[in-house]
Amino acid sequence: MPGRTHEQEFTQVTSQDTNLFCFGLGFTGSALVRVLQARGWAVAGTCREKVHQDLWDRAGVRAYAFDGKTASREIGQALAEVSHVLVTIPPHKEDGDVVLRHFRDALARSSGLRWLGYLSTTGVYGNRDGEWVDESSELKPVFDHQKRRAEAESQWFDLYRGHGVPVHVFRLAGIYGPGRNLLERVRRGVAKRIDQPGLVFNRIHVDDVEQTLAASMERPHPGAIYNVVDDLPAAPAEAVAFACELLNVDAPPLVPLDEAGLSEMGRGFYLTNKKVRNRKINEELGVTLHYPDYRSGLRSLLEQEQKG
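If you're matching positions, the sequence shown starts at 975 in my numbering and goes up one per residue.
Right, dumping it as structure tokens:
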């Protein structure tokens, strides 16, 4: 398999301050936290549910309750001690970026902070009618949730410019991985093949998100933006058909977009057609993707399942 191992990813960064706080111990944040914890890092973060807080505490990760509405003094105190911060919480519809809302000042005062990563989305590029975009492309968000992301990016960069907080923005494609992928959706009978001719978009395996964040921690470039996407923008109906092929089941019929019953965010995927370049993570961070396309990613997930 191409790319660096987890051991290699943290060889350099573990020789320095190794204290991470993750706002949002969800699918993506937890993947990085577990690897860092195994490497001897001190790790802490936030979650919304008390049951998840207890699970993390038992796993040796200090978890704080944070629902975005009230700020815990304990979180502010923890931020004073950390060397790295990862923000995975999306901006809220009413309150905007709740991490900035409650902890902007604490982050601005955190003198030992070496790296802050904010996870955004390639949705900020909007619709390009299938053309290529890269990190220098103009932002043209179409839907409200995309506009909130673009506004949050701007606010994080204000914190970098105004206070020297070492902000890095990562624009992610749709993330998949163990337990969250097309194979699972096909098995549950909820995978849809939506008829949208000419539409393509990128994806990214959670392991490749993790290795990109690790590479950025090793080589901080405050103020940088990185597209974290695979090498192969592809039609979503094609990807569903491939997942069905792997599972030896018939692909579902094509469905018109207007009959698919999607949320605004879901519709946004199908109405913003673009191909996103990822050259910068390779050239600047030395990242070689473990899973450069959805086919290699889905095959690997199925192989891992079969091995138990």
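Glycine included, each C-beta is placed from N, C-alpha and C at the ideal position.
Nothing here was measured: the structure is a model prediction, and the numbers come from that model.
Since residue i and residue j are thought to touch, with beta carbons under 8 Å apart, how far apart are those beta carbons, to the nearest angstrom?
i     : j     : result
G1003 : G1014 : Contact flag wrong, Cβ pair sits at about 19 Å.
Q1011 : V1035 : 7 Å
L1093 : F1144 : 5 Å
L1220 : L1276 : 5 Å
C996  : T1062 : 7 Å
G1097 : G998  : That belief does not hold up - the Cβ atoms of G1097 and G998 are roughly 18 Å apart, past 8 Å.
N1247 : V1174 : 7 Å
S1237 : G1091 : Actually they do not touch by this definition, with Cβ atoms about 27 Å apart.
L1053 : V1017 : Not a contact, Cβ separation roughly 14 Å.
If you follow the alpha helix (DSSP H) that residue i is part of, which residue opens it and which one closes it?
i     : result
T1095 : Premise fails: T1095 lies in the beta strand (DSSP E), 1089-1095, not in any alpha helix (DSSP H).
L1245 : 1238-1245
A1016 : It is not in any alpha helix (DSSP H) - A1016 instead sits in the beta strand (DSSP E) that spans 1016-1021.
F1077 : 1072-1083
F1117 : Careful: F1117 lies outside any alpha helix (DSSP H) and carries neither H nor E.
R1269 : 1268-1281
R1047 : 1047-1053
Roughly how many whole angstroms lie between the Cα atoms of residue i and residue j?
i     : j     : result
E1113 : Y1099 : Per the sequence presented here, residue 1113 reads as Leu, with Glu not at that position. Cα-Cα distance, rounded: 5 Å.
E983  : S1274 : Any reading at E983 needs caution, since the residue's pLDDT is 49, under 50, leaving its predicted position unreliable; the model's value is listed next. Those two C-alpha atoms are separated by around 20 Å.
L1263 : D1182 : 6 Å
R1078 : R1123 : 17 Å
D1267 : Y1150 : 12 Å
V1223 : W1106 : 34 Å
H980  : F1117 : Because H980 carries a pLDDT of 46, less than 50, the predicted location of this residue cannot be relied on, and the following value inherits that uncertainty. If you take the alpha carbons of H980 and F1117, they lie about 37 Å apart.
K1281 : G1000 : 25 Å
L1272 : A1213 : 9 Å
D991  : R1154 : 32 Å
G977  : D1204 : Bear in mind that a pLDDT of 44 at G977, under 50, signals an unreliable position, so the number given afterwards is only what the model happens to contain. Their Cα atoms are separated by approximately 13 Å.
V1059 : L1187 : 11 Å
R1162 : A1005 : 24 Å
W1089 : N1176 : 26 Å
I need the boundaries of the beta strand (DSSP E) containing residue i, first residue and last residue.
i     : result
F1144 : 1141-1146
V1059 : 1058-1061
L994  : 993-997
R1251 : Segment: none, R1251 is in no beta strand (DSSP E) and carries neither H nor E.
R1013 : Taken as a continuous stretch (DSSP letters only), R1013 belongs to no beta strand (DSSP E), as it is neither H nor E.
Would you list the one or two residues that DSSP bridges to residue i?
i     : result
R1036 : A1018
I1178 : I1149
Q1135 : The residue you asked about is not Gln; residue 1135 is Arg in the sequence shown. According to DSSP, which records beta bridges pairwise, R1135 is partnered with nothing at all.
Runs of beta strand (DSSP E) lying entirely within the region 1194-1232, each at least 3 residues, in chain order:
1199-1202, 1228-1230
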